[in-house]
Each structure stands twice: as C-alpha cells, then as structure tokens.
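Take a look at the structure below.
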Amino acid sequence: DLHIAHETWESTMAIPFYEAMDKGGLIDAGTHNLITFEEMGFPNWILDEGLCPGLPSWEALKSPDCAANFATADSDGKGRWLEGPIEWHGDVMPNRLKGLGLDDLWTVKFAGSGDALWTELKAAKAEGRGTVIFNWSPNFTDAAGFTFIDFPPYYEGCRIENGGTVETTGCGSPKGWLKKAAHIKFPMTHPSAYKFYTKANFTAPMIGLMADLVDSQGMTHAEAAAGFIAEYR
Numbered sequence: 001d002l003h004i005a006h007e008t009w010e011s012t013m014a015i016p017f018y019e020a021m022d023k024g025g026l027i028d029a030g031t032h033n034l035i036t037f038e039e040m041g042f043p044n045w046i047l048d049e050g051l052c053p054g055l056p057s058w059e060a061l062k063s064p065d066c067a068a069n070f071a072t073a074d075s076d077g078k079g080r081w082l083e084g085p086i087e088w089h090g091d092v093m094p095n096r097l098k099g100l101g102l103d104d105l106w107t108v109k110f111a112g113s114g115d116a117l118w119t120e121l122k123a124a125k126a127e128g129r130g131t132v133i134f135n136w137s138p139n140f141t142d143a144a145g146f147t148f149i150d151f152p153p154y155y156e157g158c159r160i161e162n163g164g165t166v167e168t169t170g171c172g173s174p175k176g177w178l179k180k181a182a183h184i185k186f187p188m189t190h191p192s193a194y195k196f197y198t199k200a201n202f203t204a205p206m207i208g209l210m211a212d213l214v215d216s217q218g219m220t221h222a223e224a225a226a227g228f229i230a231e232y233r
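Okay, so the sequence shown: first residue is 1 according to UniProt numbering, each after it adds one.
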C-alpha cells in the first residue's frame, strides 16, 4: 500500500528497510544530504538564562547547582531528564547516567508519549525552570532553538545491550542517515514521479519546516504541503 517513504531514519528503520529490500519489495531511492541525530538536550533559552554554565558539555551536569535548576516534583530533589516512552530505548539513559557518574545528581523519567516531550518544553518555559528532554533532528524544534548535550562519542559496543559495561555506557548517541524508500513497482507505475523522487534532496531545515507547520502551527497535512511547496517551489 506504500508508494514512497521520504523519511526513512537509520536509527529506527534501518533493519526493516534492508529486510524489505532483501525480500524484493522495496527500492533504496537515495539518501538526503543531512545527518539525523537523536539525543538528550535542552531549549536554547536555558543558555540565555544561565541555568547550567558549561553546557552543552555533559561535564556541566556534574554541578549540584546545575542539577538543582532542573529538579521537578517527581525527581526527589535531583535534576530530571525526561526520556521518551520507555518502549523507545529501554534503560539506555539511566545506564548513561550511571556510566558518567551522574546518577547521584540526576534521574531519568519516561514520558507517556512523544507529545508529552513538547508539553514539557512549554511547561518548563512557563515555569522558568530547566529541562532536559529527549529530542531528535531534523525536527520542528530546530527552528525554535534546541541544543543537544555533548556526550562522549558513541562507538559500536559501548552500550550495555550491545556488549558494553557500566564503564563504557556513558557514550552518546550515534548519528545516522535519512533515506528515501520506494515500492518496487513505483518506477513502473509512476516513472516520471519516481525520476523526480530520486532527485529530491531535503535539507535539515526543510524537514524541520515540514514538522513545524503541523506540530507547531497546527496545519493539516494538506495545508502544510501547500505551505512547503510555496516556500520551496
């Protein structure tokens, strides 16, 4: 039923993407000229307010004064990281806190949904408190101003679930690609559209705008499509 998938993220879709290709149902129609990233971070106004001097370096999180500015009612006096739903990454972030020796100052809580992350951004701004949330780029938050924390570099095997130890699991997240997928029959049924599709190349600001039009500005998908085309025609 799927003709194209113009946002195929390596982090979440690489395995089913290649499995579908192996089964002969999917075509790799190219890669967008951008890097995808999913990581813990914070809205830029936190830098302006000076709530944690030294950010975006993760070592700034060692400061008790910094952690105190990110405490919430459910964090027992510790600074809080709001992760996505636990089904997304399991205990990756709690293990990271342990690996970096930050678990005495910080704790991880899990959002009930992806939308709860954006609700938290608004609430933290309104309350004037710090917030660290899970986020990704490209996303609508790129335009609003969002910075990812600089953790130790990711490498294969650093996480516990991949054979790592507590000592190695403080590593950050991997960067990835964003591919275009197409149904195996799409070049035959829609040859001109497929030719155009293979040449399409979205940048991070383009993808961010797509998300912003719907998630921030409340447009329908049809309205957002019209707005995007008007911007980039």
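Heads up, the beta-carbon is just placed ideally off N, CA and C, and yes, glycines get one too.
Do histidine 190 and glycine 25 come within 8 Å of each other at the CB atom, strictly closer than that value? No, these two residues do not count as a Cβ contact at 8 Å.
What is the DSSP secondary structure of threonine 36, counted as helix, strand or coil? Judged by DSSP in its simplified three-state form, threonine 36 adopts strand.
Span of the beta strand (DSSP E), counted from its first residue to its last, around glycine 79: Run containing glycine 79: 79-83, per the beta strand (DSSP E) assignment.
With a threshold of 16 other CB atoms inside 10 Å of the CB of proline 138, please say whether the residue is buried or exposed. Burial call: buried.
Who are the near neighbours of serine 75 in its chain, counting only those whose CB is closer than 8 Å to its CB and skipping five residues on each side? Taking serine 75 as the centre and dropping the five residues before and after it, the same chain places the C-beta of Thr107 and Lys109 closer than 8 Å to its C-beta, in chain order.
Do three or more CB pairs link the stretch 127-135 to the stretch 166-174 at distances below 8 Å? Counting Cβ pairs under 8 Å, fewer than three are found: no touch.
May I ask you to verify whether the stretch 53-68 touches the stretch 10-26, counting CB pairs closer than 8 Å and requiring at least 3? Because the criterion of three Cβ pairs below 8 Å is not met, the stretch 53-68 and the stretch 10-26 do not touch.
Output the distance between the C-alpha atoms of lysine 78 and leucine 61, rounded to the nearest integer angstrom. Going from the Cα of lysine 78 to the Cα of leucine 61 covers about 11 Å.
Here's the rule I'm using: 16 or more other beta-carbon atoms within 10 Å means buried, otherwise exposed. How should tyrosine 18 be labelled? That one is exposed.
Quick check: what's the CA-CA separation for threonine 141 versus leucine 2? Threonine 141 and leucine 2 have their C-alpha atoms roughly 28 Å apart.
Who are the Cβ neighbours of valine 166 in its own chain at under 8 Å, not counting the five residues just before and after it? A distance below 8 Å between beta-carbons, with the five flanking residues on each side excluded, links valine 166 to the following residues of its chain, in chain order: Asn95, Lys98, Gly99 and Ile160.
By the three-class DSSP mapping on this structure, what secondary structure does serine 11 have? Reduced to three states, the DSSP call for serine 11 is helix.
Here's a check: name, in chain order, each residue in its chain whose Cβ is nearer than 6 Å to the Cβ of leucine 117, leaving out the five neighbours to either side. Taken in chain order, the residues that qualify are Ala111 and Ile133.
Buried/exposed call for tyrosine 232, threshold 16 Cβ in 10 Å: Flag for tyrosine 232 reads exposed.
Let me make sure I understand the geometry here. Which of Pro16, Ile86 and Leu105 has the alpha-carbon closest to that of proline 114? The residue you asked about is not proline; residue 114 is glycine in the sequence shown. Of the candidates Pro16, Ile86 and Leu105, the one whose C-alpha sits nearest the C-alpha of glycine 114 is Ile86.
For residue 246, does the three-state DSSP call read helix, strand or coil? Nothing about residue 246 can be read from this structure; the chain reaches only from 1 to 233.
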